[in-house]
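Colleague:
Protein chains in written order, with my numbering: chain A, 15 to 309; chain B, 15 to 309.
So, in structure tokens, the structure goes:
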């Protein structure tokens, strides 16, 4: 059994991004610049954001953070987005979720300049993805694709079962896995809360992507011997043995599934780390698109 | 066995569109207006276009056609699109495909004002569809959904197999069937040319959407007793018994499949007619969106 180690894969990607940035030159000589906007101080959000900022530092991407109060108005928040949209020194814009509860998420996403939308959230970028055009692929699905690529997981003609149909994970990864591209060409089934026979489907799958947000949902009796398991869950569960009082658990019951499958991505240390690498790769892409050159 | 009769269903939709248009009033009192642009005089394109124009007449939608030479330049074609985009008296814009061979399809599609894109081709509309937002659904997938709705075909929790992953049919219908909406909530598998076990998958399906463009591909031995079969194929095959020398055949071998399935859409007289109803419905939607009222 092979661990699809996100630490290993993301380190390799960060190294290659660093080299690409070092060797690239632009009309004004500046490096790529990622700007994050965060409202409030949710500890989990701060922790995610921190990892991204660290990744920027490691690869030579300039980073900046616009910190706003949790009770900021939607209009003031959008004004900040527009400021970043218009700032020629910024290539990528990241909105740290979750947004304040009183916000209309769709309105916020629509305010992002699609050419700076390194999280791939804007409808025009989601549309390009659905149409197979070059675009910013949302961070988590792109992270999964980078993981498959790093470990050279064959997907052509395989049956992939994606559990979850969310806009940010299930839907885009199902499109990526089934399109006519390297690490695509799989036959993809999307399961969700109304699927009646998830177990049978998973048992027939060569590749399972678990992205439903239920800790330990996928158990050994649900998977085929020798399949590839991608765990996208990041669930916080009570754990008295930890100082913090909780532990991070994936959607896969790692202990039972690992011995039976061919390859598995662990949580933590799997897809989560790849997501950060994906954001950084998208930032470099935004920078390259702007200066119309490839490093 | 039930025939999913597109003639019956589309007539009902056209009747309801006609009533909606009759009973609606706008600031300037005009009716919805659909404009089509066609280059060259491909007989099949002329025939499709003619059906749409007839549908306009039947429902009270004003129609107009901009006819261009097959050897028009891409830029001149785009100028015509922009003229329609800027014409406040036109609500819906239809580009009749296929385009001249020397055109960049993506460039043409991007030139369409998304708010007049009644064929749902523009990336921003494809993105809204993928994100589950209100939008213009492409005509053929919308036609299929209208057919399922008219005949009250239950899809929740069913296994739907879509054969074909095209941008205009396979991909969008797979999204529509699996989203959390009426006539959605199916567990959807997308098959394509690299799928190894199409027969097994179809045999496990409660609903098969055949959209691969191979006449008579789906045969009785590939389907489950009592399943629902939607035939999207419009293939022109030689037929000496016809005056024209050819006949229109679907992707389903109707003769063998019909006795075994629960419901089947015929070709011709099935999805094709629904596609026209869908274009007209999208035109009314564009008109309603513009005047921000619902009839």
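Every residue, glycine too, gets a C-beta built ideally from N, C-alpha and C.
Distance check for residue 154 of chain A and residue 100 of chain A, CA to CA, integer angstroms please.
Modeller: Reading the first chain from its first residue, position 86 is the one you call residue 100 of chain A. Reading the first chain from its first residue, position 140 is the one you call residue 154 of chain A. When rounded, the distance between both Cα atoms is 27 Å.
Colleague: By the 8 Å beta-carbon criterion, what residues does the stretch 128-148 of chain A contribute toward chain B?
Modeller: So the close ones are 136, 137, 138, 139, 140, 141, 142, 143, 144, 145, 146, 147.
Colleague: Look up residue 184 of chain A in the DSSP assignment and say whether it is helix, strand or coil.
Modeller: Here residue 184 of chain A corresponds to residue number 170 of the first chain, with the count starting at 1. Helix, per DSSP.
Colleague: With a cut-off of 8 Å, does the C-beta of residue 170 of chain A fall near any C-beta of chain B?
Modeller: Along the first chain, read from residue 1 onward, the residue named residue 170 of chain A stands at position 156. So, interface residue.
Colleague: Would you list the residues sitting across from residue 106 of chain A in a DSSP beta bridge?
Modeller: Translated into the one-based positions of the first chain, residue 106 of chain A becomes position 92. A/48, per the DSSP bridge assignment.
Colleague: So, using beta-carbon positions, are residue 209 of chain B and residue 48 of chain B closer together than 8 Å?
Modeller: Here residue 209 of chain B is taken as the residue at index 195 of the second chain, counted from 1. Here residue 48 of chain B is taken as the residue at index 34 of the second chain, counted from 1. Cβ distance not < 8 Å, so residue 209 of chain B and residue 48 of chain B don't count as in contact.
Colleague: Would you call the stretch 89-107 of chain B in contact with the stretch 60-68 of chain B, where contact means no fewer than 3 C-beta pairs closer than 8 Å?
Modeller: No contact exists between the stretch 89-107 of chain B and the stretch 60-68 of chain B.
Colleague: Enumerate in chain order the residues of its own chain whose CB-to-CB distance from residue 125 of chain A is below 6 Å, with the five nearest sequence positions on each side excluded.
Modeller: Residue 125 of chain A sits at position 111 when you count from the first residue of the first chain. Closer than 6 Å at Cβ, skipping near neighbours: 92, 95.
Colleague: Where in the stretch 246-286 of chain A do unbroken runs of the alpha helix (DSSP H), each at least 4 residues long, occur, reported from the N-terminal end onward?
Modeller: Entirely contained in the stretch 246-286 of chain A, the alpha helix (DSSP H) runs reaching 4 residues are, in chain order, 268-271.
Colleague: Looking at residue 192 of chain B and residue 193 of chain A, is the spacing between their C-beta atoms short of 8 Å?
Modeller: Along the first chain, read from residue 1 onward, the residue named residue 193 of chain A stands at position 179. Along the second chain, read from residue 1 onward, the residue named residue 192 of chain B stands at position 178. Cβ distance not < 8 Å, so residue 193 of chain A and residue 192 of chain B don't count as in contact.
Colleague: Tell me, please, whether the CB atom of residue 205 of chain A is closer than 8 Å to any CB atom in chain B?
Modeller: Locating residue 205 of chain A in the first chain gives position 191, where the first residue counts as 1. So yes, residue 205 of chain A belongs to the interface.
Colleague: What would DSSP say about residue 126 of chain B, mapped onto helix, strand or coil?
Modeller: The count along the second chain starts at 1 and reaches residue 126 of chain B at position 112. Of the three classes helix, strand and coil, the one that applies to residue 126 of chain B here is coil, per DSSP.
Colleague: Are the CB atoms of residue 157 of chain A and residue 15 of chain A within a distance shorter than 8 Å?
Modeller: Along the first chain, read from residue 1 onward, the residue named residue 15 of chain A stands at position 1. Along the first chain, read from residue 1 onward, the residue named residue 157 of chain A stands at position 143. It is not a contact, given that the beta carbons lie outside the stated cut-off.
Colleague: Please determine, among B/196, B/128, B/205, B/149, the residue with the shortest C-alpha to C-alpha distance to residue 161 of chain B.
Modeller: Along the second chain, read from residue 1 onward, the residue named residue 161 of chain B stands at position 147. Per the Cα distances, B/196.
Colleague: Assign residue 24 of chain B to one of three DSSP states: helix, strand, or coil.
Modeller: Translated into the one-based positions of the second chain, residue 24 of chain B becomes position 10. It is helical.
Colleague: Closer than 8 Å between beta carbons: that is the criterion. Which residues of the stretch 115-128 of chain B meet it against chain A?
Modeller: If the cut-off is 8 Å between Cβ atoms, the stretch 115-128 of chain B has 120 near chain A.
Colleague: Between the stretch 68-88 of chain B and the stretch 263-275 of chain B, do three or more beta carbon pairs fall short of 8 Å?
Modeller: Cβ pair count under 8 Å is below three, so no.
Colleague: Where does the unbroken alpha helix (DSSP H) through residue 160 of chain B begin, and where does it stop?
Modeller: As a first step, residue 160 of chain B must be located in the second chain, where it is residue number 146. Counting along the chain, the alpha helix (DSSP H) containing residue 160 of chain B begins and ends at 153-164.
Colleague: Any contact between the stretch 163-180 of chain B and the stretch 219-232 of chain B? By contact I mean 3 or more CB pairs, one from each, below 8 Å.
Modeller: A contact exists between the stretch 163-180 of chain B and the stretch 219-232 of chain B.
Colleague: Going by DSSP, what residues sit across from residue 167 of chain A in a beta bridge?
Modeller: For the purposes of this step, residue 167 of chain A is taken as the residue at position 153 of the first chain. Paired residues: none, contrary to the question.
Colleague: Can you pull the chain A residues whose beta carbon is under 8 Å from the beta carbon of residue 181 of chain B, in chain order?
Modeller: Within the second chain, numbered from 1, the residue matching residue 181 of chain B stands at position 167. Residues of chain A passing the Cβ test: 144, 145, 146.
Colleague: Taking only three categories from DSSP, how would you classify residue 67 of chain B?
Modeller: Stepping through the second chain from its first residue, residue 67 of chain B is reached at position 53. Correct three-state label for residue 67 of chain B: helix.
Colleague: Quick check: is the beta carbon of residue 99 of chain B nearer than 8 Å to any beta carbon in chain A?
Modeller: Residue mapping note: residue 99 of chain B aligns to position 85 of the second chain, counting from 1. So no, residue 99 of chain B is outside the interface.
Colleague: Is there a Cβ from chain B that is less than 8 Å from the Cβ of residue 199 of chain A?
Modeller: For the purposes of this step, residue 199 of chain A is taken as residue 185 along the first chain, with counting starting at 1. So yes, residue 199 of chain A belongs to the interface.
Colleague: My output table needs one value for residue 75 of chain B: the three-state DSSP class, helix, strand or coil.
Modeller: Here residue 75 of chain B is taken as the residue at index 61 of the second chain, counted from 1. It is coil, neither helix nor strand.
Colleague: Comparing alpha-carbon positions, which option in A/214, A/139, A/234, A/173 lies nearest residue 267 of chain A?
Modeller: Residue mapping note: residue 267 of chain A aligns to position 253 of the first chain, counting from 1. Minimum Cα distance to residue 267 of chain A is reached at A/234.
Colleague: Evaluate the contact criterion for the stretch 111-119 of chain A versus the stretch 246-262 of chain A: three or more CB pairs, one atom per stretch, below 8 Å.
Modeller: No, the stretch 111-119 of chain A does not touch the stretch 246-262 of chain A.
Colleague: Residue range of the alpha helix (DSSP H) that residue 144 of chain B falls in?
Modeller: Stepping through the second chain from its first residue, residue 144 of chain B is reached at position 130. Per DSSP, residue 144 of chain B belongs to the alpha helix (DSSP H) from 137-144.
Colleague: Taking C-alpha atoms, which residue in B/73, B/211, B/243 lies nearest to residue 19 of chain B?
Modeller: Working through the second chain from its first residue, we reach residue 19 of chain B at position 5. Ranking B/73, B/211, B/243 by Cα distance to residue 19 of chain B puts B/243 first.
Colleague: So, at 7 Å on beta carbons, what are the nonlocal neighbours of residue 206 of chain B in its own chain, with the 5 sequence-adjacent residues on each side left out?
Modeller: As a working mapping, residue 206 of chain B is identified with position 192 in the second chain. So the qualifying residues of the chain are 178, 179.
Colleague: Just curious, the beta strand (DSSP E) that residue 215 of chain A is in, first and last residue?
Modeller: Indexing the first chain from 1 puts residue 215 of chain A at position 201. Looking at the DSSP string, residue 215 of chain A is not in any beta strand (DSSP E); the run it does join, the alpha helix (DSSP H), is 212-217.
Colleague: Relative to the alpha-carbon of residue 70 of chain B, which residue among B/108, B/127, B/245 has its alpha-carbon at the smallest distance?
Modeller: In the second chain, residue 70 of chain B corresponds to position 56, counting from 1. Per the Cα distances, B/108.
Colleague: Rounded to whole angstroms, what is the Cα-Cα separation between residue 293 of chain B and residue 22 of chain A?
Modeller: Within the second chain, numbered from 1, the residue matching residue 293 of chain B stands at position 279. Within the first chain, numbered from 1, the residue matching residue 22 of chain A stands at position 8. Going from the Cα of residue 293 of chain B to the Cα of residue 22 of chain A covers about 51 Å.
Colleague: With DSSP as the reference, please indicate the residues paired to residue 242 of chain A in a beta bridge.
Modeller: Start at 1 with the first residue of the first chain, and residue 242 of chain A comes out as number 228. Paired residues: A/221, A/277.
Colleague: Let me know the secondary structure DSSP gives residue 203 of chain A once reduced to three states.
Modeller: The residue you call residue 203 of chain A lines up with position 189 of the first chain. Here residue 203 of chain A sits in strand by DSSP.
Colleague: Does residue 175 of chain A come out as helix, strand or coil in the three-state DSSP assignment?
Modeller: The sequence position of residue 175 of chain A within the first chain is 161, counting from 1. Residue 175 of chain A falls in the strand class under three-state DSSP.
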